[in-house]
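Chemist: Once you've had a glance at the structure underneath, I'll fire off some questions.
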Amino acid sequence: MKKWMYLLIGVVMGAVVTTTGSAFADQVKSMVGKQVAGEYNVNVNGNALAENAIVVEGKAHVPLRAVSDSLGANIVVNGKTIQITTNTADQTESAFVSEDKATSGKFANWPKDELEERKAKLEGYIINAEEGKEKTRINLERVEKSKDSSDFPKTLEITNKNIERMKQSIKESEAAIAEYKAELQEVNAALEALN
């Protein structure tokens, strides 16, 4: 009787694993097995990258790490969002953008629909970054409270490293939020100039 019970449990577990595995695989858009239709050379500020972009199903896929490194940008993965931030002077200028700047800034020749699309994306980035920052802050408070309950030196060392990482993550999120807000102001000024 036990053998039949184990066999039945094994069959049920196998069916569950097989079903969930294939359902999960349907959600992931994989490029494995896709044909690369071509390659593009990538130039950043006039300098060619060592890695080429590839074309798969009519879309160009650039090497993100190489491009961001060549631009001096930082990549932060926050949940399922990849945030790329740059430390250029024009993004960290004053919070006020005049109309003269809006007509001659980096969004000067953008069509209205692209400006509105960029505005929506920036607002989404700000929301995601603020949510990520808040979650990290809550985790930081929880870890700092539980830190005092441990008597083991190795556990304290690991906890302190985690606390420092969380503090650094919060600083990076704050910097990203500031950059997104500055760019959002530029987009809003460009939209106002069009109206």
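Residues -25 to -1, 1 to 170 in mature numbering (1 follows the signal peptide of the UniProt record, and there is no 0) are what the sequence shown spells out, letter by letter.
Heads up, the beta-carbon is just placed ideally off N, CA and C, and yes, glycines get one too.
#1: Give the DSSP-derived three-state secondary structure of LYS81 in the structure shown.
#2: Suppose you measure from the CA of ALA104 to the CA of ALA12; what does that come to, to the nearest Å?
#3: Provide the residue span of the beta strand (DSSP E) that contains ALA28, from first to last.
#4: Within a Cβ cutoff of 7 Å, which residues of the same chain sit near GLU92, ignoring the five residues on either side of it in sequence?
#5: Helix, strand or coil for ASN170 per DSSP?
#6: Beta-carbon separation of GLU98 and LEU159 under 8 Å?
#7: Counting beta carbon pairs with one atom in the segment 119 to 137 and one in the segment 79 to 88, are three or more of them shorter than 8 Å?
#8: Enumerate in chain order the residues of its own chain whose CB-to-CB distance from PHE82 is below 7 Å, with the five nearest sequence positions on each side excluded.
#9: For the beta strand (DSSP E) containing ALA107, list its first residue and its last residue.
#10: Consult DSSP for ALA48 and reduce its assignment to one of helix, strand or coil.
#11: Please return the same chain residues whose Cβ sits closer than 7 Å to the Cβ of ASN114, not counting the five positions on each side in sequence.
#12: Around the Cβ of GLU58, are there at least 16 other Cβ atoms within 10 angstroms (buried) or fewer (exposed)?
#13: Report the three-state DSSP secondary structure of ASN18 (helix, strand or coil).
#14: Just the Cα atoms here: how many angstroms apart are ALA23 and ILE152?
#15: DSSP three-state call for LYS9: helix, strand or coil?
#16: Can you tell me whether residue 174 is buried or exposed, with buried defined as 16 or more other CB within 10 angstroms of its CB?
Modeler: So, from the data block:
#1: Position 106 of the sequence shown, counted from the first residue, corresponds to residue 81. Coil, per DSSP.
#2: Position 129 of the sequence shown, counting from 1, holds the residue named residue 104. Position 37 of the sequence shown, counting from 1, holds the residue named residue 12. Computed Cα separation, rounded: 36 Å.
#3: As a working note, residue 28 is residue 53 in the sequence shown. Where ALA28 is concerned, the enclosing beta strand (DSSP E) stretches over 28 to 31.
#4: The count along the sequence shown starts at 1 and reaches residue 92 at position 117. For GLU92, where only same-chain residues beyond five positions count, there are no Cβ hits under 7 Å.
#5: Your numbering for residue 170 matches position 195 in the sequence shown. Coil.
#6: Along the sequence shown, read from residue 1 onward, the residue named residue 98 stands at position 123. Along the sequence shown, read from residue 1 onward, the residue named residue 159 stands at position 184. Yes; because the gap between Cβ atoms is below 8 Å, this pair is in contact.
#7: Short answer: they don't touch.
#8: The sequence position of residue 82 within the sequence shown is 107, counting from 1. The beta carbon of PHE82 is closer than 7 Å to those of LEU90, GLU161, VAL162 and ALA165 in its chain, skipping five residues each way along the sequence.
#9: Here residue 107 corresponds to residue number 132 of the sequence shown, with the count starting at 1. The question names Ala, but residue 107 is Gly in the sequence shown. For GLY107, no beta strand (DSSP E) encloses it; the enclosing alpha helix (DSSP H) starts and ends at 87 to 122.
#10: Your numbering for residue 48 matches position 73 in the sequence shown. Look at ALA48 here: in three-state DSSP terms it is coil, with no helix or strand label.
#11: Here residue 114 is taken as the residue at index 139 of the sequence shown, counted from 1. Closer than 7 Å at Cβ, skipping near neighbours: MET141.
#12: Working through the sequence shown from its first residue, we reach residue 58 at position 83. According to the sequence displayed, residue 58 carries Gln and not Glu. By the 10 Å Cβ count, GLN58 comes out buried.
#13: Position 43 of the sequence shown, counted from the first residue, corresponds to residue 18. ASN18 falls in the strand class under three-state DSSP.
#14: The residue labelled residue 23 in the question sits at position 48 within the sequence shown. The residue labelled residue 152 in the question sits at position 177 within the sequence shown. Roughly 31 Å between the two C-alpha positions.
#15: On the sequence shown, position 34 is the one that residue 9 refers to. Coil, per DSSP.
#16: Outside the shown range of the chain (-25 to 170) lies residue 174, about which nothing can therefore be said.
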